[in-house]
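Read the structure below first, then the notes.
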Amino acid sequence: MSHAPLDRAARHAQAWLDSLDTRSVAATVTREELRRRFMAPLPESGTDPSTVVDELAAAAEGGQLASGSGRFFAWVIGGAVPSSVAAEWLVSVWDQNATIYATSPIASVVEEVAGPWLLDLFRLPSTASFAFTTGCQMAHFTALSAAREQVLRAVGWDVGRQGMAGSPPIRVLVSAIRHVSLDRALRYLGIGKEQLVVLPVQADGGIATDTLASALAVDAPTIVCLNAGDLNTGAFDDFRALVPLAHSRGAWVHVDGAFGLFARTSPRYDALVEGMDLADSWATDCHKWLNVPQDSGFVAVRHPEPHRRAMTIVDSYFVAEDKARDEIDWTPEWSRRARGFGIYAALRELGRQGVQAMIERNGDQCEALAAGMASLPGVELLSPPRLNQALVRFHDPRPGASDADHDARTERVIARVNASGEAFFGPSTWQGKRVMRICVVNWRTSPRDIERTIAAVAHACSAD
Ligand SMILES: Cc1ncc(COP(=O)(O)O)c(C=O)c1O
316 MSHAPLDRAA
326 RHAQAWLDSL
336 DTRSVAATVT
346 REELRRRFMA
356 PLPESGTDPS
366 TVVDELAAAA
376 EGGQLASGSG
386 RFFAWVIGGA
396 VPSSVAAEWL
406 VSVWDQNATI
416 YATSPIASVV
426 EEVAGPWLLD
436 LFRLPSTASF
446 AFTTGCQMAH
456 FTALSAAREQ
466 VLRAVGWDVG
476 RQGMAGSPPI
486 RVLVSAIRHV
496 SLDRALRYLG
506 IGKEQLVVLP
516 VQADGGIATD
526 TLASALAVDA
536 PTIVCLNAGD
546 LNTGAFDDFR
556 ALVPLAHSRG
566 AWVHVDGAFG
576 LFARTSPRYD
586 ALVEGMDLAD
596 SWATDCHKWL
606 NVPQDSGFVA
616 VRHPEPHRRA
626 MTIVDSYFVA
636 EDKARDEIDW
646 TPEWSRRARG
656 FGIYAALREL
666 GRQGVQAMIE
676 RNGDQCEALA
686 AGMASLPGVE
696 LLSPPRLNQA
706 LVRFHDPRPG
716 ASDADHDART
726 ERVIARVNAS
736 GEAFFGPSTW
746 QGKRVMRICV
756 VNWRTSPRDI
766 ERTIAAVAHA
776 CSAD
């Protein structure tokens, strides 16, 4: 069989990576153009595979966001370190099905290595069970399935056998600034909005101890969801105070650490993360701050039994291998990509010190970007850098300008920066005000990228 399509793909990949410093960070072609290039009736006959790859690369050109660029600061997307990209290529070439040990012995064993490495990196209990999920959303789903299983079992209800209809109601205490992926994970678990008790936060973005204490004063199966890194402000809950409090009332504590769990890798952030390891489950994304390609969530659960009970399934056509890790015991999926390889590769490439250095470097870069922008006329630093997040707002300089005018100017500046192709930011609404989010989460971001980005923002500001 010819390897030409793979050679072609490698060449296109190299060209893409070589262009990251000079190409537009934003997509440069319109949706209409992309549709025009791609839309066609289902082909009746086949095409030479190398031609398929070449034409795909040509037609995609300009339709990608260069989210791997060092000047991409929108959402919380993360770059991808070289060995993890290459490992992911091998995963595709090997086409391993990571359902059970028998469907891919090596995928199972790599998870047995990469899982404990991550527990060690995050300083979580080495006895915790874990799973590699698509993303943090499904990491929440997995952890909260275990939580549901445990808190219902404690009141004599077996959710696996009896389901949710007629079950004792579960109270879920969540922060007012939680990520909505939690709501969606809970919805999948049959826990609707009305079962959520939304707790207000203090000025620092954390839930007050008193607030949690009064919310816990109801005798019911309870799950508490805490924040490790709000995506606007980088706020953390006070784990040291809140987790023991929740435990004293028999609640399960789940932590959304989509990117904030990585703060556990640096002593610089000890004050934010202290006590986080006391929780019952933790969700994070390796495609965010470990910088592996997308589709790489991770969940850890202090209590392996409810985790396994919530996920496992057996069928006669499985081949059970004594003492092997069967991924299906821990994940919500059946056939799945062998996600452990990219993580294994990134952890080997970076090592503990390399991860820590990247987390600290991105934190410094967030501060440099925020300071550079705040020094421009009319720019307000609304939320100062915390971890790797900050918020800025661009004031309309006209006398008597209203909040709506400042909102509009903020939108305009973001749109201009993005249209310039020099850097890419996302908007958000924080405390009723439109803001530009600064999120630094990429190994590739360099001092030069920071300079270029501040210059691009200054230029966009000077346009009105
Ligand atoms: C704090 C937080 N939690 C959860 C998620 C959801 O993660 P995913 O997109 O991997 O499902 C995100 C995504 O940005 C996030 O920032």
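Going by my numbering, the first residue of the sequence shown is number 316, and it counts up by one from there.
In this text, a Cβ means the ideal position worked out from N, Cα and C, and glycines have one as well.
None of the values given here were measured: they were computed from a predicted structure.
Nearest candidate by alpha-carbon position, reference E509, set L501, A373, L436: For the residues L501, A373, L436, the minimum Cα distance to E509 belongs to L501.
Just grab the DSSP bridge partners of F387 for me. According to DSSP, F387 bridges with F739.
Whole angstroms is fine: what's the gap from V408's alpha carbon to V568's? Looking at the two C-alpha atoms, the distance is approximately 40 Å.
Need the endpoints of the beta strand (DSSP E) that D637 sits in, please. Membership of D637 in any beta strand (DSSP E) is not indicated, and neither H nor E is assigned to it by DSSP.
Under 7 Å between the Cβ atoms of A775 and V728? Yes; because the gap between Cβ atoms is below 7 Å, this pair is in contact.
Ordered along the chain, which non-local residues of its own chain (more than five positions away) have a Cβ less than 8 Å from that of R583? Contacts found: E675, G678.
Spatial neighbours of H721 in its chain, beta-carbon cut-off 8 Å, leaving aside the 5 residues before and after: Correct list, in chain order: R708, F709, H710, D711, K748, R749.
Any chance the CB of S743 is under 6 Å from a heavy atom of ligand 1? Flag unset: Cβ of S743 not near ligand 1.
Let's see if you can read the secondary structure: which residues bound the beta strand (DSSP E) around G612? That run of the beta strand (DSSP E) goes 612-616.
Just to confirm the assignment, what range does the alpha helix (DSSP H) spanning R350 have? Here the alpha helix (DSSP H) through R350 covers 346-353.
Whether S460 touches A615 by CB criterion (7 Å): Taking 7 Å as the Cβ cut-off, S460 and A615 do not qualify as a contacting pair.
Quick one, are the C-beta atoms of G521 and D545 less than 7 Å apart? Their beta carbons are not under 7 Å apart, which means G521 does not touch D545 by this criterion.
Could you check if S496 belongs to the surroundings of ligand 1, using beta carbon to heavy atom distance under 6 Å? Residue side-chain check: S496 places its Cβ nearer than 6 Å to a non-hydrogen atom of ligand 1.
What residue from D600, W390, V756, R654 has the CA that sits closest to D571's CA? Nearest to D571 by C-alpha distance, out of D600, W390, V756, R654, is D600.
Have a look at V533 and D336 and give me their C-alpha separation to the nearest angstrom. Spanning the alpha carbons of V533 and D336 requires a straight line of approximately 56 Å.
If we call anything under 7 Å between Cβ atoms a contact, is A373 one with F740? Cβ distance not < 7 Å, so A373 and F740 don't count as in contact.
Which listed residue (N606, R338, A716) has its alpha carbon closest to that of M673: Comparing Cα positions, the closest option is N606.
Neighbourhood of S581 by C-beta, 7 Å cutoff - its chain only, sequence neighbours within 5 removed: Here the set comprises Q671, I674, E675.
Comparing alpha-carbon positions, which option in A324, N542, D637, I628 lies nearest W649? The option with the nearest alpha carbon to W649 is I628.
Just to confirm, are R438 and D553 a CB contact at a threshold of 7 Å? Taking C-beta atoms as the reference points, R438 and D553 fail to come closer than 7 Å.
Taking the alpha carbon of N412 as the point to measure from, which residue in E642, P647, G612 has its own alpha carbon closest? Distance from the Cα of N412 is smallest, within the candidate group E642, P647, G612, for E642.
The stretch 348-366 in contact with the stretch 389-407 per 3-pair CB rule at 8 Å: No, because fewer than three Cβ pairs between the stretch 348-366 and the stretch 389-407 fall closer than 8 Å, the two stretches do not touch.
Which word fits K638, buried or exposed, when buried means at least 16 other C-beta atoms lie within 10 angstroms of its C-beta? With fewer than 16 other Cβ atoms within 10 Å, it is exposed.
Given L467, which residues of its chain have a CB within under 8 Å of its CB, disregarding the five upstream and five downstream residues? Excluding residues up to 5 positions away in sequence, D473, V474, S482, P483, I485, P536 lie with their Cβ nearer than 8 Å to the Cβ of L467 in the same chain.
Following a CB-centred definition, is V391 positioned closer than 6 Å to any heavy atom of ligand 1? Remark: the C-beta of V391 is in contact range of ligand 1, defined as less than 6 Å to any heavy atom.
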